[in-house]
Amino acid sequence: MSTGKPIPDSCSQDQEDNASLDQDHAVLSDETDITSTFKEDAEEEFSELEVGDDNDNFQKASVPRDSSATEESSSRSRERYDGDTAFKLYLREIGQVALLKPHEEIELALRIQKGDAEARDQMIKANLRLVVKIAHDYEGLGLPLLDLINEGNIGLMKAVERFDPTKGSKLSTYSAWWIKQSIKRSLANQAKTIRLPVHLVDKISKLKRTALKLQEAIGREPTDEELAEELEMDPGRVARLRRAAIRPASLDSPIGDDHSTFAEIISDEKAQNPYKHLEDKTVTDMLHDLVKTLPHREATILEYRFGLDGGLERTLEEVGEHFGVTRERVRQIQNLALS
Numbered sequence: 163m164s165t166g167k168p169i170p171d172s173c174s175q176d177q178e179d180n181a182s183l184d185q186d187h188a189v190l191s192d193e194t195d196i197t198s199t200f201k202e203d204a205e206e207e208f209s210e211l212e213v214g215d216d217n218d219n220f221q222k223a224s225v226p227r228d229s230s231a232t233e234e235s236s237s238r239s240r241e242r243y244d245g246d247t248a249f250k251l252y253l254r255e256i257g258q259v260a261l262l263k264p265h266e267e268i269e270l271a272l273r274i275q276k277g278d279a280e281a282r283d284q285m286i287k288a289n290l291r292l293v294v295k296i297a298h299d300y301e302g303l304g305l306p307l308l309d310l311i312n313e314g315n316i317g318l319m320k321a322v323e324r325f326d327p328t329k330g331s332k333l334s335t336y337s338a339w340w341i342k343q344s345i346k347r348s349l350a351n352q353a354k355t356i357r358l359p360v361h362l363v364d365k366i367s368k369l370k371r372t373a374l375k376l377q378e379a380i381g382r383e384p385t386d387e388e389l390a391e392e393l394e395m396d397p398g399r400v401a402r403l404r405r406a407a408i409r410p411a412s413l414d415s416p417i418g419d420d421h422s423t424f425a426e427i428i429s430d431e432k433a434q435n436p437y438k439h440l441e442d443k444t445v446t447d448m449l450h451d452l453v454k455t456l457p458h459r460e461a462t463i464l465e466y467r468f469g470l471d472g473g474l475e476r477t478l479e480e481v482g483e484h485f486g487v488t489r490e491r492v493r494q495i496q497n498l499a500l501s
């Protein structure tokens, strides 16, 4: 099937389009942020949302109704929305935009080529659901879903501007590449402390989807060998991709609802356990008190033998050499003192 603009296959063409995407990112980010326009009328029930896939085949996807949307307007104005609520409101907003019919899409595309800004906005709004669907494939790789959608929308804007309906393709097919490329570049630049190449982000995303698929099939987490067989890849490379996918976590990250952090539950293996230190000190003090009840020579030999003088524990031979007696004599004095 032909497309509005041939999807770059060669490495040089891919780099050229990536550079173009970078140049336009700053311009597009200054425009009206379509994803942030939420309507205040959230009380209307919107229970189903049509989602378009890459082939423009649309299927029904349930959207849970937000219970907070049924509260009074005065309460709603004071409510602090979290990320989930904002996402539901966004789905509610874009779900109210009618999908374009083929002839409407062609008509709008021709108007866009003539510089019609209103037609451009209408085309973008009608395809925002495609961005949501694609963004879900990259969820859990380092950026929040709303950020992925925002980046995907930038790619959609670029695709709408370059779309040529005379080539015989649909916008959903053509724009999917631009949306994915924008999301992958964002993940590569922002998701990790150490930047990952775009092609590696794509491989990690594919690995994640395959691992979830295998986990559902076999009922457990797949091994590197099982993933390698499924992906037709070397097990060592799978292991390296898994390590690259690990995200660093801040020690100050909250856990649970009691404002606890990772730093509070992760122990320092090199630090001395205070309870063990207290126990050792208590036992040492008790031994010193007992040794003081012995004759001076026996007490001195025991302190030197077991390190009660602050040094290390010595062998019978070492004690004998230090005091000028035989090993057997040290053993006899030790047994006599301990008895």
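Mapping the sequence shown onto the numbering used here, position 283 (from 1) lands on 445, and the numbers just tick up by one.
Note that the Cβ used here is the ideal one computed from N, Cα and C, for glycine as well.
query                                                                                                              : result
Ile311 in three-state terms, based on DSSP                                                                         : helix
Segment contact, 8 Å Cβ cut-off, at least three pairs: the segment 321-328 with the segment 293-303                : no
Beta-bridge partners of Ile505, as assigned by DSSP                                                                : Absent from the model: residue 505. The displayed extent of the chain is 163 to 501, so no value can be given.
Span of the alpha helix (DSSP H) around Lys342                                                                     : 333-352
Close-in-space but distant-in-sequence residues of the same chain around Leu470 (CB under 8 Å, 5 per side omitted) : Thr446, Leu449, His450, Val453, Leu464
Buried or exposed by the 16-neighbour rule on C-beta atoms within 10 Å, applied to Glu431                          : exposed
Cβ-Cβ separation, Ile345 to Gly317 (assumed contact under 8 Å), whole Å                                            : 7 Å
Endpoints, alpha helix (DSSP H) assigned at Gln275                                                                 : 264-275
Contacting residues, own chain, Cβ-Cβ under 7 Å from Asp420 (five flanking each side not counted)                  : none
Buried versus exposed call for Tyr252 [16 or more other C-beta atoms within 10 Å across all chains shown]          : buried
Collapsed DSSP secondary structure at Glu387 in the structure displayed                                            : helix
Per-residue burial, Gly418 [other beta carbons within 10 Å of its own, 16 or more giving buried]                   : exposed
Three-state secondary structure assigned by DSSP to Gly317                                                         : helix
The segment 263-280 touching the segment 307-314, judged by at least three CB pairs closer than 8 Å                : no
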